[in-house]
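Novice:
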Amino acid sequence: DTGVSQNPRHKITKRGQNVTFRCDPISEHNRLYWYRQTLGQGPEFLTYFQNEAQLEKSRLLSDRFSAERPKGSFSTLEIQRTEQGDSAMYLCASSLALAGPNEQFFGPGTRLTVL
Amino acid sequence: AQTVTQSQPEMSVQEAETVTLSCTYDTSESDYYLFWYKQPPSRQMILVIRQEAYKQQNATENRFSVNFQKAAKSFSLKISDSQLGDAAMYFCAYRSAWGGSEKLVFGKGTKLTVNP
Chain A
75 DTGVSQNPRH KITKRGQNVT FRCDPISEHN RLYWYRQTLG QGPEFLTYFQ
125 NEAQLEKSRL LSDRFSAERP KGSFSTLEIQ RTEQGDSAMY LCASSLALAG
175 PNEQFFGPGT RLTVL
Chain B
264 AQTVTQSQPE MSVQEAETVT LSCTYDTSES DYYLFWYKQP PSRQMILVIR
314 QEAYKQQNAT ENRFSVNFQK AAKSFSLKIS DSQLGDAAMY FCAYRSAWGG
364 SEKLVFGKGT KLTVNP
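Sequence order for the protein chains is A and B.
Just so you know, the first sequence maps onto residues 75 to 189 in my numbering.
Just so you know, the second sequence maps onto residues 264 to 379 in my numbering.
1. Could you have a look at B/Leu347 and say whether DSSP puts it in helix, strand or coil?
2. Taking the beta strand (DSSP E) that A/Thr150 belongs to, which residues open and close that run?
3. At a CB-CB cut-off below 8 Å, which residues of chain A make contact with B/Tyr387?
4. If you check the beta carbons only, do B/Tyr296 and B/Ala316 fall under 8 Å apart?
5. Please name the residue or residues paired with A/His84 in a DSSP beta bridge.
6. Rounded to whole angstroms, what is the Cα-Cα separation between B/Leu310 and B/Asn321?
7. Would you list, in chain order, the members of the segment 98 to 110 of chain A that have their beta-carbon closer than 8 Å to a beta-carbon of chain B?
8. Using 8 Å as the Cβ pair cut-off and three pairs as the minimum, do the segment 336 to 343 of chain B and the segment 152 to 169 of chain A touch?
9. Taking a Cβ distance cut-off of 7 Å, strictly less, list which residues of the segment 115 to 128 of chain A are near chain B, in chain order.
10. Should A/Pro99 be labelled buried (16 or more other beta-carbon atoms within 10 Å of its own) or exposed?
11. To the nearest angstrom, how far is the alpha carbon of A/Ser101 from that of A/Thr76?
12. Take every Cβ of the segment 139 to 151 of chain A, pair it with every Cβ of the segment 106 to 113 of chain A, and state whether three or more of those distances are shorter than 8 Å.
13. Looking at the C-beta of B/Lys341, does it have a partner C-beta in chain A at a distance below 8 Å?
14. Below 7 Å on C-beta distance, what does B/Ser364 contact in chain A?
15. Where A/Tyr122 and A/Ser168 are concerned, what is the direct C-alpha to C-alpha distance, given to the nearest angstrom?
16. Kindly list the residues whose CB is nearer than 7 Å to the CB of A/Gly174, restricted to its own chain and excluding five residues on each side of it in sequence; keep chain order.
As C-alpha cells, this is what we get:
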C-alpha cells in the first residue's frame, strides 16, 4: 500500500507526558500537512511543510506543539506536557506541489487519549 | 477568516435514491477552491469532488455532482443512485487560491446514512 501511513494508530497517555506521532507521506509527495479532529468537528489545520520547510502554522499550534520534517520525507508531531484538551484524532495528509486545487491525501490518523 | 457551515448534522437516503448535502461558506476572496471529502467509519478521508471558484461549470464525478452558487456562497453535493458504500461523514472544505496558503478549512460534517 503506497498511501499515507501514520504511527501509532492509537496512543493513551497521562496528562503531563510528552507524545510523538509519525507520518510517512506518499513517496513522491513534497507537501505534508497536519490536522487535528475532535469529536463532532471537521479537521482543523495545524501546519504544513513543503519539503523540509515549515511554511504555514496555525494559531492552534501552541508552544507545546512542534512539528518537523527533517529530510523532507517523514514528519513527526510532538506534543509536550499533554493536557486533556489535546485528546483528538491527529491527521496527516500529503500532496504534490501543484497549482490549482491539488488533492490532499489523508492518512488513517493517530487517536490520542489523554487521561 | 473563512468559515464553512454544514447545516445538516445528519441525513439519510434510501438506496438508489438521490440526496443533496448542503454547504455554505463565508469569504471575502474572489478566487478559491472548494472540496467535498468523504470519511467512512474508521477509514481515512478521501476526496469526492473539487471545484474552482472561477469556473462557472459545476463539477461532476460519476454519481457525484455539485451545485456551485458563487454569489450565494453555496456549494451543495448531490449524490445520485445512492449506494450502501456511500454511507460516511461528508465534509465540505474551502481553500484560498491566494497567498500560498494550503490550509483546508472544513465544516463540521454531515453524517449520511444509506438505508437498504
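For every residue, glycine included, the Cβ atom is placed at its ideal position computed from N, Cα and C.
Specialist: Reading from the atomic positions:
1. helix
2. Ser149 to Ile153
3. With chain B represented from 264 up to 379, any question about residue 387 of chain B goes unanswered, as that position is not in the structure.
4. For B/Tyr296 and B/Ala316, yes; Cβs fall inside 8 Å.
5. A/Arg185
6. The C-alpha of B/Leu310 lies about 16 Å from the C-alpha of B/Asn321.
7. For the segment 98 to 110 of chain A, which is checked against every Cβ of chain B, the residues closer than 8 Å are Arg105, Tyr107 and Tyr109.
8. The segment 336 to 343 of chain B, when compared against the segment 152 to 169 of chain A, does not touch it at the 8 Å Cβ threshold.
9. Residues of the segment 115 to 128 of chain A with a C-beta atom less than 7 Å from some C-beta of chain B are Gln115, Gly116, Pro117, Phe119 and Tyr122, listed in chain order.
10. Counting other Cβ atoms within 10 Å of its Cβ, A/Pro99 reaches 16 or more and is therefore classed as buried.
11. Computed Cα separation, rounded: 8 Å.
12. yes
13. no
14. Using a Cβ-Cβ cut-off of 7 Å, B/Ser364 is close to Glu130 of chain A, given in chain order.
15. 9 Å
16. So the list is empty, once near-sequence residues are dropped.
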